[in-house]
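S.K.: Here it is, the structure in full.
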Amino acid sequence: MPHRTRPMTALLVFTGLNVVLVSTISPVYDFVCFHPFWERRRERRRQEHEAAALAQGLE
1 MPHRTRPMTA
11 LLVFTGLNVV
21 LVSTISPVYD
31 FVCFHPFWER
41 RRERRRQEHE
51 AAALAQGLE
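Listed below in structure tokens is the structure:
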């Protein structure tokens, strides 16, 4: 066998990496989901929808 495998070390590294990733996903999720861009987009789409409904109602 060319080199020894170290299952315990691999398991600890894998677990540690997962802990780091899980702890960083929440702030990233909050940043992406609650970014002001989405609020502006939602408001713009609402206004466009109201304008289209109003224009359709006048015809």
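Start counting the sequence shown at 1; every next residue gets the next number (the UniProt record's numbering). C-beta: ideal position from N, C-alpha, C; glycine also. Every value quoted in this text rests on a predicted model; they were computed, and no experiment measured them.
(1) Helix, strand or coil for T9? Go by DSSP, reduced to three states.
(2) Suppose you measure from the CA of A51 to the CA of L21; what does that come to, to the nearest Å?
(3) CA-CA distance, H49 and A55?
M.R.: In short, the structure shows the following:
(1) Residue state, collapsed to three classes: helix.
(2) Going from the Cα of A51 to the Cα of L21 covers about 44 Å.
(3) Each residue's CA atom was taken as its position, placing H49 and A55 some 10 Å apart.
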